[in-house]
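>
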Amino acid sequence: MKRRDFLISTAAAGVAAATFSPAFAKGRGGDKLRVAMIGTGLRGQSQLGPILSRDDVELVAICDTQQVMLGHALANIDKAGRRKPKVYGGNGDANAWKALLAQKGIDAVFIVTPWEWHAPMAIAAMEAGVAVGCEVVAGITLQDHWDVLRAQQRTGTPYMLLENVCYRRDVMAVLQMVRAGLFGELVHMQAGYQHDLRGVKFNSGNPDEPYGSGVEFGAKGFSEAQWRTQHSIDRNGELYPSHGIGPCAMYANIHRGNRFTHINAFATKARGLHDYILKHPKGGPDHPNAKVQFKLGDVVTTTLRCENGETIILQHDTSLPRPYSLGFRVQGTDGLWMDVNKSIHIEGRSPPHKWEDAQAYYDQYDHPLWRKYADKAAGAGHGGMDWFVVHAFIEAVKASAPMPIDIYDAVAWSAITPLSEQSIAEDYRTLAFPDFTEGKWKSRRPIFALDDRY
Ligand SMILES: NC(=O)c1ccc[n+]([C@@H]2O[C@H](COP(=O)([O-])OP(=O)(O)OC[C@H]3O[C@@H](n4cnc5c(N)ncnc54)[C@H](O)[C@@H]3O)[C@@H](O)[C@H]2O)c1
């Protein structure tokens, strides 16, 4: 179904994909979209690339608590030949972003701060009528997720979770395969965040060597070591679900005729981070951080059950040595795909009981968005997918179109974290998954990447 047909059919059925306030409903065509960024750390600086490359966007304001991060961002902006934005913060003031949101004429804001700031910043931005593009995750507690949802519903301001892996080239080709019925009826999916982050959670604190340069964190660390590591001390759960669940949710049409119904989680013992501190040349048993107790299990396995009978397994695995892999597996009545070795097996097409190399399938089912924009995306972060997520958000805001990854997706994907923590804390209990759509999942229809515009 084409997006236009979809919009007409959903409107006719009284099933708006998202309700936007009149300011957004009239469309933003014509002038440049005026955007701001809160949090110009390593991710924000990387996302400036796709933003500054666009003629239809003007970056009018940036904010960060730290001067060093603002300095890098301003250098990027200058190098791109773009006008200097108004700058907020730089003096450690954790509330300078409030003044940014009070600046007149900002259409949209990218929120690229530590997790604990996402919900309050998004809620305030929506209250100010500023469209939100929020980095993963949506909030910390389950209540945060309800609060973000209610703020979007109350204000009608667009909100998109900037989940870039949904735009990965092979992930989108597999979406086309799923939609074409190549795997038959979907039965089971697997994915996760399987990324050795030991050298991210610890460094020396020197901005010139952010990865693996030491065993410091918190006030003595730099970038994510300043805040992310503390979550590994305080929490035990699936701390980063959206890179894995996002694509699976799109495959399974979650919130568009399907929904998560149950969740539980198991965690292994926590060994990897302590072991890293002991073995690092700047660490050792006498280093003060060798006494830190980490709560986060090295491998956390979360299982979700869906209304239409599928199961989804997510694995969070960030504290042990391993090559990066999100570990996707998509399995149906006619075959399966696994991303680790680019392997696919389709009954009747593949040799019996044998894997095939998936590349020919990726090429055949390459998504129209990638066919159209691969050249523009070249050079953007994470193999180009970061360009697509920025593009999708900006185009959807300009057109007042439904957000491709909308508020229901955002809160449900992200609420996996507090729910998995609760399950582990309650002796691995299986919990009912809250229906954030309050029944609307039954009549909503897929929109993600349905045409070649977003
Ligand atoms: N989608 C992806 O692939 C991807 C990749 C990396 C990071 N991220 C996400 O991006 C976000 C930022 O991560 P990062 O790697 O850039 O971390 P970072 O620590 O490098 O940057 C965060 C920045 O936020 C600033 N900040 C903290 N509190 C603030 C406040 N109150 N007001 C204004 N600025 C504040 C910090 O000074 C820092 O510069 C996180 O949510 C992270 O999970 C996503």
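Take the sequence shown: its letter number 237 is residue 237 in the UniProt record's numbering, and every next letter is one higher.
C-beta: ideal position from N, C-alpha, C; glycine also.
Would you report the Cα separation of residue 96 and residue 43, rounded to the nearest angstrom?
Taking the sequence shown and counting its residues from 1, the one referred to as residue 96 is at position 96. Taking the sequence shown and counting its residues from 1, the one referred to as residue 43 is at position 43. Each residue's Cα considered, the two are about 19 Å apart.
> Under 8 Å, do residue 133 and residue 433 count as touching if we go by C-beta distance?
Walking along the sequence shown from the start, residue 133 turns up at place 133. Walking along the sequence shown from the start, residue 433 turns up at place 433. No, the Cβ-Cβ distance between residue 133 and residue 433 is not below 8 Å.
> Whose C-beta lies closer than 6 Å to the C-beta of residue 440 among residues of the same chain, with five residues either side of it excluded?
Position 440 of the sequence shown, counted from the start, is the residue given in the question as residue 440. If we look at residue 440 and ignore the five residues flanking it on each side, it has no Cβ neighbours.
> Alpha carbon to alpha carbon, how far is residue 59 from residue 52? Give it in angstroms, no decimals.
Residue numbering aside, residue 52 sits at position 52 when the sequence shown is read from its first letter. Residue numbering aside, residue 59 sits at position 59 when the sequence shown is read from its first letter. Approximately 7 Å between the Cα atoms of the pair.
> Within the same chain, show all residues whose beta-carbon is closer than 7 Å to that of residue 370, passing over the 5 residues directly before and after it, in chain order.
In the sequence shown, the residue the question calls residue 370 occupies position 370. The answer, listed in chain order, is 169, 172.
> Compute the beta-carbon to beta-carbon distance between residue 149 and residue 407, rounded to the nearest angstrom, for a pair I have assumed lies under 8 Å.
Indexing the sequence shown from 1 puts residue 149 at position 149. Indexing the sequence shown from 1 puts residue 407 at position 407. Contact holds; Cβ gap of about 6 Å.
> Under DSSP, the alpha helix (DSSP H) around residue 76 begins and ends at which residues?
The residue labelled residue 76 in the question sits at position 76 within the sequence shown. Start and end: 67-79.
> With H, G and I counted as helix, E and B as strand and the rest as coil, what does DSSP make of residue 305?
If you number the sequence shown from 1, residue 305 lands on position 305. Residue state, collapsed to three classes: strand.
> What's the C-alpha gap between residue 312 and residue 238?
Against the sequence shown, residue 312 aligns to sequence position 312. Against the sequence shown, residue 238 aligns to sequence position 238. About 13 Å.
> Hey, quick one: how far does the alpha helix (DSSP H) through residue 416 stretch, first residue to last?
Taking the sequence shown and counting its residues from 1, one reaches residue 416 at position 416. Residues 407-425.
> How long is the line joining the alpha carbons of residue 458 and residue 249, rounded to whole angstroms?
Look at the range of the chain in this structure, 1 to 454, and you will see that residue 458 is not part of it.
> Between which two residues does the beta strand (DSSP E) harbouring residue 317 extend?
Locating residue 317 in the sequence shown gives position 317, where the first residue counts as 1. Its beta strand (DSSP E) spans residues 311-317.
> Whose C-alpha, out of 184, 157, 106, is nearest the C-alpha of residue 333?
Taking the sequence shown and counting its residues from 1, the one referred to as residue 333 is at position 333. Nearest option by C-alpha distance: 184.
> Sort 144, 151, 251 by Cα distance to residue 190 and report the nearest one.
Numbered from its first residue, the sequence shown carries residue 190 at position 190. Answer by Cα proximity: 251.
> Would you mind stating whether residue 175 and residue 135 have Cβ atoms separated by less than 8 Å?
For the purposes of this step, residue 175 is identified with residue 175 of the sequence shown, where counting begins at 1. For the purposes of this step, residue 135 is identified with residue 135 of the sequence shown, where counting begins at 1. No, Cβ-Cβ distance for residue 175 and residue 135 is not below 8 Å.
> Leaving out five residues before and five after residue 126 in sequence, what residues of the same chain have Cβ atoms less than 7 Å from its Cβ?
Here residue 126 corresponds to residue number 126 of the sequence shown, with the count starting at 1. Closer than 7 Å at the Cβ level, and outside the excluded window around residue 126, lie 132, 151, 152, 155, 157, 159.
> So what does DSSP say about residue 52, is it helix, strand or coil?
Start at 1 with the first residue of the sequence shown, and residue 52 comes out as number 52. If DSSP states are grouped into helix, strand and coil, residue 52 belongs with the helices.
> Is the segment 397-405 close to the segment 222-233, with three or more CB pairs under 8 Å?
Verdict: no, contact absent.
> Among the residues of its own chain, which have a CB less than 7 Å from the CB of residue 188, if the five just before and after it don't count?
Reading the sequence shown from its first residue, position 188 is the one you call residue 188. Same-chain partners within the cutoff: 310, 311, 331.
> Just how far apart, CA to CA, sit residue 94 and residue 117?
Taking the first residue of the sequence shown as position 1, residue 94 is located at position 94. Taking the first residue of the sequence shown as position 1, residue 117 is located at position 117. Going by the C-alpha atoms only, they are around 10 Å apart.
> What is the DSSP secondary structure of residue 388, counted as helix, strand or coil?
Residue mapping note: residue 388 aligns to position 388 of the sequence shown, counting from 1. Correct three-state label for residue 388: helix.
> Quick one: Cα of residue 130 to Cα of residue 31, how far?
Mapped onto the sequence shown, residue 130 falls at position 130. Mapped onto the sequence shown, residue 31 falls at position 31. Straight-line Cα distance between these residues: approximately 16 Å.
> Comparing alpha-carbon positions, which option in 323, 338, 322, 321 lies nearest residue 329?
As a position in the sequence shown, residue 329 is number 329, starting the count at 1. Checking every option, the nearest Cα to that of residue 329 belongs to 338.
> In whole angstroms, what separates the C-alpha of residue 45 from that of residue 279?
Position 45 of the sequence shown holds residue 45. Position 279 of the sequence shown holds residue 279. Each residue's alpha carbon lies about 32 Å from the other.
> Can you name, in chain order, every residue of its own chain whose Cβ lies under 8 Å from the Cβ of residue 431, other than the five neighbours on each side?
To locate residue 431, count along the sequence shown from 1; it is residue 431. Cβ within range, chain order: 262, 263, 264, 419, 422, 423.
> Measure how close the beta-carbons of residue 414 and residue 241 come, nearest whole angstrom, since I'm counting them as under 8 Å.
Mapped onto the sequence shown, residue 414 falls at position 414. Mapped onto the sequence shown, residue 241 falls at position 241. Right, their Cβ atoms sit about 7 Å apart.
> Roughly how many angstroms lie between the CA atoms of residue 182 and residue 358, to the nearest whole one?
In the sequence shown, residue 182 corresponds to position 182, counting from 1. In the sequence shown, residue 358 corresponds to position 358, counting from 1. Cα to Cα, the separation comes out at about 13 Å.
> Rounded to the nearest angstrom, what separates residue 112 and residue 211 at their Cα positions?
Translated into the one-based positions of the sequence shown, residue 112 becomes position 112. Translated into the one-based positions of the sequence shown, residue 211 becomes position 211. If I take the Cα positions, the gap works out to 19 Å.
> CB of residue 112 to nearest heavy atom of ligand 1: below 7 Å?
If you number the sequence shown from 1, residue 112 lands on position 112. Result yes, Cβ under 7 Å from ligand 1.
> Terminal residues of the continuous alpha helix (DSSP H) containing residue 179?
Numbered from 1 along the sequence shown, position 179 holds the residue referred to as residue 179. Here the alpha helix (DSSP H) through residue 179 covers 169-179.
> Does DSSP put residue 361 in a helix, in a strand, or in coil?
The residue given as residue 361 occupies position 361 in the sequence shown. Three-state DSSP puts residue 361 in a helix.
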